[in-house]
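Taking the working numbering, the leading residue of the sequence shown gets 1125, the next gets one more, and so forth.
Where is the CB? At the ideal position from N, CA and C, for every residue including glycine.
Read through the structure below, which is laid out as structure tokens, and then see the notes.
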Amino acid sequence: MRTCHWCGTRNDERHTVCRACGIPIRGERTAPSEQVEPGAQSGPRSSRGLLSLAIILVIVSLAAAAGLGAYFLGNNKTAQQWVVKVEKPTELEMRSKAEERNQINEALQRVPEVNAQAKDLGADGQYDAALAEVDEVLRTVEAPELLETKVNLLLNCNRANQGYQTLLKLLGHRTNDAHLHYIAGNLAANLEGPKAALIHYETASKLEPTSSDYRISWAICCVRSGQKEAGLGAFEKLVIDEPDCYDCWYNYGVSLLESGAPDEALAIRREAVKRFPENSKHHFGLAQMLDVIARKSGDSNKLNEAAAE
């Protein structure tokens, strides 16, 4: 038997390397009297054998990791080239994009001519033909000029819903056009009600705060959509800011009456008549309001006053 000088493991005569720790065995042989019985190996020597085995395993693991690292580092360039290949568009994709750009440029060059033709066709009442001309170009490029013409064509041939949807697309290009927001508010109010119109009127009045038309429309929508305080407050500010705006006074009175405040509404109507004595609209509005209130309350004095107006 051969005993490993390092870990003390007994090996057969034919072994030149220790089967436990892998260390070459020196030439000494263990005499029969010196052979150690199983389990009788001394503690320190056995521990040293286990430690050597652990060291060897660590070395093998490190070597394997180094080999893998070298492999990936060595192939790093290939990986980068592969990423570039994936991101780089193919020749077919590049040709397709170039053709798409050319089509867009050609469509943009046609916009002025097509726009003029569509307007002429619309003026002649040929709305379907005009819309076909516009849509042919719009399928390639969303030109604001053609969108505006399409809105007008659709509204002129009583296609308000389509006109409103097209106008929303146009507003995506002309977000700061207060007049377009105002038109969108009018369409939304007629098609979907005052709540849908609020955002358009509010935007228009913010873009042009000096426009009494935009502010009046927003205030009316506030009242009719349940935001009475905001709407009546806007009217109160309007008649202060623009005391000579007879439409402000007139609509203020109407909104007060709709809000369930007939006495306040009459007060505003009478004030309007005093401010604009020559304006028949306010006289008629006062008489109409007195008649409505008198019939509901049965007040004969208000009926007489209405008749006098």
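K1274, buried or exposed, once every other Cβ within 10 Å from all chains shown has been counted against 16: Looking up residue 1274 in the sequence shown gives position 150. Buried, by the Cβ-count rule.
Pairwise C-alpha distance: T1127 and S1166: As a first step, residue 1166 is located in the sequence shown; it is residue number 42 there, counting from the start. As a first step, residue 1127 is located in the sequence shown; it is residue number 3 there, counting from the start. With a pLDDT of 43 at S1166, under the threshold of 50, the predicted position of this residue should be treated as unreliable, though the coordinate-derived value follows. Roughly 14 Å separates the two Cα atoms.
V1258 versus K1221: straight-line alpha-carbon distance, rounded: Numbered from 1 along the sequence shown, position 134 holds the residue referred to as residue 1258. Numbered from 1 along the sequence shown, position 97 holds the residue referred to as residue 1221. If you take the alpha carbons of V1258 and K1221, they lie about 24 Å apart.
Environment of A1256 [buried if 16+ CB atoms lie within 10 Å]: Stepping through the sequence shown from its first residue, residue 1256 is reached at position 132. Counting Cβ neighbours within 10 Å, A1256 comes out exposed, since fewer than 16 surround it.
Buried versus exposed call for F1408 [16 or more other C-beta atoms within 10 Å across all chains shown]: Within the sequence shown, residue 1408 is the residue found at index 284, counting from 1. Burial call: exposed.
Which of helix, strand or coil DSSP assigns to N1135: If you number the sequence shown from 1, residue 1135 lands on position 11. Correct three-state label for N1135: strand.
Sequence-distant residues of the same chain with beta carbon closer than 7 Å to Y1374, five excluded per side: The residue labelled residue 1374 in the question sits at position 250 within the sequence shown. So the list reads A1396, K1405, H1406 and G1409, once near-sequence residues are dropped.
Simplified DSSP assignment, three categories, for T1214: Taking the sequence shown and counting its residues from 1, the one referred to as residue 1214 is at position 90. Note: T1214 maps to coil in three-state DSSP.
Reduced DSSP secondary structure (H/G/I, E/B, other) of T1334: As a position in the sequence shown, residue 1334 is number 210, starting the count at 1. In the structure shown, T1334 sits in coil (DSSP, three-state: anything other than H, G, I, E or B).
Supposed contact pair A1302 and Y1338 - C-beta distance, whole angstroms, cut 8 Å: By one-based count along the sequence shown, residue 1338 stands at place 214. By one-based count along the sequence shown, residue 1302 stands at place 178. Correct: roughly 7 Å between the Cβ atoms.
Of the listed residues D1387, R1399 and F1400, nearest to A1098 (C-alpha basis): No answer is possible for residue 1098: it lies beyond the span of the chain, which begins at 1125 and ends at 1433.
Contacting residues, own chain, Cβ-Cβ under 8 Å from R1234 (five flanking each side not counted): Locating residue 1234 in the sequence shown gives position 110, counting from the first residue. Once the five neighbours on either side are set aside, the close Cβ partners of R1234 are V1261.
Neighbourhood of T1133 by C-beta distance below 6 Å, restricted to the same chain and skipping five residues each side: If you number the sequence shown from 1, residue 1133 lands on position 9. Cβ within range, chain order: C1142 and A1144.
Residue of F1400, I1392, I1344 and L1381 minimising C-alpha distance to K1420: Numbered from 1 along the sequence shown, position 296 holds the residue referred to as residue 1420. The residue with the shortest Cα to Cα distance from K1420 is L1381.
Boundaries (first-last residue) of the alpha helix (DSSP H) holding A1358: In the sequence shown, the residue the question calls residue 1358 occupies position 234. Run containing A1358: K1352 to D1365, per the alpha helix (DSSP H) assignment.
Heavy atom of the ligand FAD within 7 Å of P1367 beta-carbon: In the structure shown, the ligand FAD is absent, as is every other ligand, since no ligand is present at all.
C-alpha gap between N1282 and A1313, whole angstroms: The residue given as residue 1282 occupies position 158 in the sequence shown. The residue given as residue 1313 occupies position 189 in the sequence shown. Cα to Cα, N1282 sits roughly 16 Å from A1313.
Nearest candidate by alpha-carbon position, reference K1319, set A1242, L1271, L1270 and Q1351: To locate residue 1319, count along the sequence shown from 1; it is residue 195. Of the listed residues, the one whose Cα sits closest to K1319 is Q1351.
Residue(s) in a DSSP beta bridge with T1127: Residue 1127 sits at position 3 when you count from the first residue of the sequence shown. For T1127, which the question treats as bridged, DSSP gives the partners R1134.
Simplified DSSP assignment, three categories, for V1416: Indexing the sequence shown from 1 puts residue 1416 at position 292. Three-state result, V1416: helix.
Check whether S1336 and D1371 have beta carbons under 8 Å apart: If you number the sequence shown from 1, residue 1336 lands on position 212. If you number the sequence shown from 1, residue 1371 lands on position 247. Cβ atoms of S1336 and D1371: closer than 8 Å.
Residues of its chain near L1232, where Cβ-Cβ distance is below 8 Å and the 5 sequence neighbours each way are ignored: Residue 1232 sits at position 108 when you count from the first residue of the sequence shown. Hits under 8 Å: V1265 and A1267.
Test item: CB-CB of H1305 and T1290 under 8 Å: The residue you call residue 1305 lines up with position 181 of the sequence shown. The residue you call residue 1290 lines up with position 166 of the sequence shown. The answer is no: Cβ separation not under 8 Å.
Proximity winner among R1298, L1356 and R1225, relative to E1272 (alpha-carbon distances): Taking the first residue of the sequence shown as 1, we reach residue 1272 at position 148. Measuring from the Cα of E1272, the nearest candidate turns out to be R1298.
Simplified DSSP assignment, three categories, for P1236: The residue given as residue 1236 occupies position 112 in the sequence shown. In the structure shown, P1236 sits in a helix (DSSP, three-state: H, G or I).
Beta carbon of A1240 nearer than 8 Å to that of G1246: Here the question's residue 1240 lines up with position 116 in the sequence shown. Here the question's residue 1246 lines up with position 122 in the sequence shown. Going by C-beta atoms, A1240 is not nearer than 8 Å to G1246.
Pair within 8 Å by beta-carbon distance, G1287 and L1279: Looking up residue 1287 in the sequence shown gives position 163. Looking up residue 1279 in the sequence shown gives position 155. Their beta carbons are under 8 Å apart, which means G1287 touches L1279 by this criterion.
Contacting residues, own chain, Cβ-Cβ under 8 Å from N1300 (five flanking each side not counted): Residue mapping note: residue 1300 aligns to position 176 of the sequence shown, counting from 1. These residues qualify, in order along the chain: L1331.
Range of the contiguous alpha helix (DSSP H) that encloses T1264: Within the sequence shown, numbered from 1, the residue matching residue 1264 stands at position 140. Premise fails: T1264 is in no alpha helix (DSSP H) and is neither H nor E.
Pairwise C-alpha distance: E1230 and P1213: As a working mapping, residue 1213 is identified with position 89 in the sequence shown. As a working mapping, residue 1230 is identified with position 106 in the sequence shown. Taking the straight line from one Cα to the other gives about 24 Å.
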